[in-house]
Amino acid sequence: AGVSAGGTTEDGFSLPFQVNHLGHFLLTQLLLERLQSCAPSRVVIVASRAHCAGRLHPDTLGRPPPGPLSTFQDYCDSKLANVLHARELATRLQGTQVTCYAVHPGFVNTELFRHAPLWLKPLFLPLAWLFFLDAAEGAQTSLHCATHEGLERFSGRYFADCRPQEPWPPARDDQLARALWEASERLVGL
1073 AGVSAGGTTE DGFSLPFQVN HLGHFLLTQL LLERLQSCAP SRVVIVASRA HCAGRLHPDT
1133 LGRPPPGPLS TFQDYCDSKL ANVLHARELA TRLQGTQVTC YAVHPGFVNT ELFRHAPLWL
1193 KPLFLPLAWL FFLDAAEGAQ TSLHCATHEG LERFSGRYFA DCRPQEPWPP ARDDQLARAL
1253 WEASERLVGL
């Protein structure tokens, strides 16, 4: 599950960052021992091509950005965090037979934009109906990464259209991935 709506959580994080990244980060951490005991196993993290507009700064991680486009920026930041999470998780799990992948499902006609401003909804509805994928089509890359044989060498990579793709340069920054991991551990209390 994911969220694109803005807002701040009870504990002061931006809603998209907490739901789309911190929640998944914590769940993955809590399941790691089990995943390793059941190896070979896989973690598939649903990211988005929106990661290309993400900007992460470990010192302000999870705080809502200022400005009129803050909700969109929050969403993009959370999706960049997803791609970096998969990258760092793969690095930390090398040799364990637990692999992970960040996936862009495509532009899927879901309820993701239900909280969009009213003036945007008339634009989204026709576009979604005409151009967006249905849920079954959008699930294909996730299913591919979860079940396809021979993907182990691509652990930590970003996938779209059932193929490894080159993510935006900040999503390939190992130092940023490590800093995000360490900050995420602190933020979730690990």
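Residue numbers (the numbering used here): 1073 to 1262. Backbone N, C-alpha and C fix where the C-beta goes; we use that ideal spot for every residue, glycine too.
Under 8 Å Cβ to Cβ from residue i, same chain only, skipping five residues before and after it: list those, please.
i	result
Phe1231	Tyr1173, Ala1174, Val1175, His1176, Thr1213, His1216, Cys1217, Gln1237
Thr1080	Ser1086, Leu1087, Pro1136
Asp1245	Leu1156
Leu1128	Asp1149, Leu1152, Ala1153, Leu1156, Pro1242, Leu1248, Leu1252
Helix, strand or coil: which one does DSSP assign to residue i?
i	result
Cys1172	strand
Ser1113	strand
Pro1138	coil
Arg1229	coil
Ser1120	coil
Thr1132	helix
Pro1088	helix
Arg1164	helix
Arg1235	strand
Determine whether the beta carbon atoms of residue i and residue j lie at a separation below 9 Å.
i	j	result
Ala1162	Gly1228	yes
Ala1122	Ala1158	no
Leu1094	Gly1134	yes
Leu1262	Leu1098	yes
Leu1259	Glu1160	no
Glu1257	Gln1101	yes
Gly1110	Gly1126	According to the sequence as given, residue 1110 is Cys; it is not Gly. Their beta carbons are not under 9 Å apart, which means Cys1110 does not touch Gly1126 by this criterion.
Pro1088	Thr1132	no
Gln1166	Pro1112	no
Pro1130	Glu1254	yes
Note down, in chain order, each residue of its chain lying with its Cβ closer than 7 Å to the Cβ of residue i, except the 5 sequence neighbours on either side.
i	result
Arg1250	Glu1160
Cys1124	Trp1240
Arg1106	none
Cys1234	Gln1212, Thr1213, His1216
Applying the criterion that 16 or more other CB atoms from any shown protein chain within 10 Å of the CB defines a buried residue, is residue i buried or exposed?
i	result
Pro1241	exposed
His1096	buried
Once you ignore the five residues that flank residue i on each side, which residues in its own chain have a CB closer than 6 Å to its CB?
i	result
Glu1224	Thr1171
To the nearest whole angstrom, what separates the beta carbons of residue i and residue j, a pair I think is in contact under 8 Å?
i	j	result
Leu1264	Ala1211	Limits of the chain in this structure are 1073 at one end and 1262 at the other, which puts residue 1264 out of reach.
Does the distance between the C-beta of residue i and the nearest non-hydrogen atom of the ligand GTP fall short of 8 Å?
i	result
Leu1215	Among the ligands in the structure shown, none appear at all, so the ligand GTP cannot be discussed.
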